[in-house]
Ligand code: BG6
């Protein structure tokens, strides 16, 4: 099959063979994300022989640590969080090329030490290394790190060779439009946009990438993918977990910033964008920005298009759990939402009049992320009335992002028998059944893509600003309102009544995923 017709992940696999010798420097080396996701991703890429032959890892953090101590910490993290049992031989290979630099994120001397260590590595190898700086720290030091990398010359395109230095930036990317614009400006002062890889780990999920394949590698969907055939789209990112030990972070964030502004908007952009001219990163990202910019500003307040709520005590997976206000690190009168739902309108030729319903929350009935495309109801004339056991159902195409990754289609079917009676049935495809279940994690894909220089699954600066432009007025109005208008929902339920009200006008209902 032609390269351009292959699944993007397979394209990535073949492209990695040209990956240049690389050093990845992780800022925030002893942090939670590094332990849970980044180190296991590096390990698994190495296990699958997907890393360049000359691959080095440098941890950078405030904590004073010897190389050996960092290696031990990294090994423990891989043992605890890797999707597969680590093979000691593979780990030894990674560990032998892992070192650590201690220093403050705004301390010029620390960056000099880092630069000296990288130069030393290159001397030993006798060749240049591509330098990837992975910023996985609290956001308060993002700008300082970027500035220091620039000041000590590490951000420069490397000695006129095609090898770039690159920066990968974790979320949260800003907390509103102004801070995102400022962060973009700080980054652009040091790095060119092609050097910047803004992470949204949802884009690394297999099923999210499959969305593009389903839409554009099948001829049956595109003709129906518009206002003439689609009645509404529902995007759900539901979590069973509560805020856990992340109260400090979450109080500053809330659900709209934590999930909707980034992950859910990316799902919406891929669902609603026009077909790109090619699979080139800029072609896809251009289309995503266009559709994000076509979303109408949201009406806030009574009768508006947004709902917010906090979980109250309830039952999750058969055990009692406390409400948000009783969780550790949460202000007793906190006005931070743990659930948000929206009704969006996209003002373009394809989607005008089709509501996009988005919702996300913690402590919901179960962990499930899905995109459900609801088609218009069939005319009931033929099968309505006495011969039909149910009203004819609308067809729904649902992409299940996680868990049980797959795709399902609801179709009306004749119930076997002498009468003509209909019943909606679900036709399902499950990834695990067809392809097995041990697929790569999102971070593996994303780290590899950054190494090979494919920015498709990363967020461009204008995308993040388009999203913040939509949400900042909502956040401002919520801040001004304090707890007024904050609904609650029992932990373990499907969310608050105010979210149902968003759909009621159009006689729509939230799907039970
Ligand atoms: C993160 C959020 O970006 O995504 C977390 O900060 C959330 O609050 C997590 O739990 C969900 O990711 P996933 O991959 O488990 O759906």
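Numbering (my numbering), first residue to last: 1243 to 1755. Beta carbons: idealized from backbone N, C-alpha and C, even for Gly. Quick caveat: nothing in here was measured; it's all calculated off a predicted structure.
Q | residue 1210 - containing alpha helix (DSSP H), residue span | A | With the chain covering 1243 to 1755 only, the question about residue 1210 has no answer from this structure.
(Q) Between residue 1576 and the ligand BG6, is there a pair consisting of the residue's CB and a ligand heavy atom that are separated by less than 7 Å? (A) No, the Cβ of residue 1576 stays beyond 7 Å of every heavy atom of the ligand BG6.
Q.
Which same chain residues end up closer than 6 Å to residue 1666 when comparing Cβ atoms and leaving out the 5 residues on each side of it in sequence?
A. 1635, 1652 and 1654
Q. Hey, which unbroken runs of the beta strand (DSSP E) at 3 residues or more fall wholly within the region 1367 to 1403?
A. Entirely contained in the region 1367 to 1403, the beta strand (DSSP E) runs reaching 3 residues are, in chain order, 1372 to 1377.
Q: Check whether the region 1416 to 1435 touches the region 1451 to 1460, taking contact to mean three or more Cβ pairs, one atom from each stretch, closer than 8 Å.
A: no
Q | Rounded separation between residue 1346 and residue 1417 - CA only | A | 23 Å
Q: Using the DSSP secondary-structure output, state which residues sit across from residue 1329 in a beta bridge.
A: Bridge partners of residue 1329: none, in fact.
Q | Residue ranges of each beta strand (DSSP E) within the region 1555 to 1603, 3 or longer | A | 1556 to 1558, 1561 to 1563, 1581 to 1586 and 1598 to 1603
(Q) In whole angstroms, give me the CA-to-CA distance for residue 1308 and residue 1565. (A) 42 Å
Q) In terms of residues, what are the limits of the beta strand (DSSP E) holding residue 1454? A) Element bounds for residue 1454: not the beta strand (DSSP E) but the alpha helix (DSSP H), 1448 to 1459.
Q. Does the distance from the CB of residue 1422 to the CB of residue 1531 come in under 8 Å?
A. no
Q | Helix, strand or coil at residue 1501 according to DSSP, with G and I counted as helix | A | helix
Q | residue 1718, enclosing alpha helix (DSSP H) - first and last residue | A | Start and end: 1703 to 1723.
Q) Any idea what DSSP makes of residue 1252, helix, strand or coil? A) Annotation note: pLDDT 39 at residue 1252 (below 50); position unreliable, coordinate value reported separately. DSSP places residue 1252 in helix when its eight states are reduced to three.
Q: Just confirm the distance between the C-beta atoms of residue 1719 and residue 1549, as a whole number of angstroms; I'd bet it's less than 8 Å.
A: With a Cβ gap of about 13 Å, residue 1719 and residue 1549 do not count as contacting.
Q | residue 1706 to residue 1583 span [Cα, whole Å] | A | 19 Å
Q) Candidates 1524, 1288, 1712 and 1572: which alpha carbon is nearest residue 1340's? A) Answer by Cα proximity: 1288.
Q) Quick one: is the Cβ of residue 1533 within less than 7 Å of any heavy atom of the ligand BG6? A) no
Q: Return yes when the Cβ of residue 1712 is within less than 8 Å of the Cβ of residue 1539, no when it is not.
A: yes
Q: Quickly, what does DSSP pair residue 1638 with across the bridge? List them, please.
A: Residue 1638 is bridged to 1616.
Q) Is residue 1272 helix, strand or coil by DSSP? A) coil
(Q) Are there any heavy atoms of the ligand BG6 lying less than 7 Å away from the beta-carbon of residue 1602, as far as the coordinates show? (A) No, Cβ of residue 1602 sits at least 7 Å from all heavy atoms of the ligand BG6.
Q.
Is the beta carbon of residue 1320 closer than 8 Å to that of residue 1330?
A. no
Q) When the Cα of residue 1679 is compared with those of 1644, 1692 and 1656, which residue comes out closest? A) Measuring from the Cα of residue 1679, the nearest candidate turns out to be 1644.
Q) Do residue 1755 and residue 1478 have their C-beta atoms closer together than 8 Å? A) Yes, these two residues count as a Cβ contact at 8 Å.
**Q.** alpha helix (DSSP H) segment containing residue 1654, residue limits
**A.** No alpha helix (DSSP H) contains residue 1654, which is instead part of the beta strand (DSSP E) from 1648 to 1657.
Q.
If you reduce the DSSP assignment to three classes, tell me which class residue 1470 lands in.
A. Judged by DSSP in its simplified three-state form, residue 1470 adopts coil rather than helix or strand.
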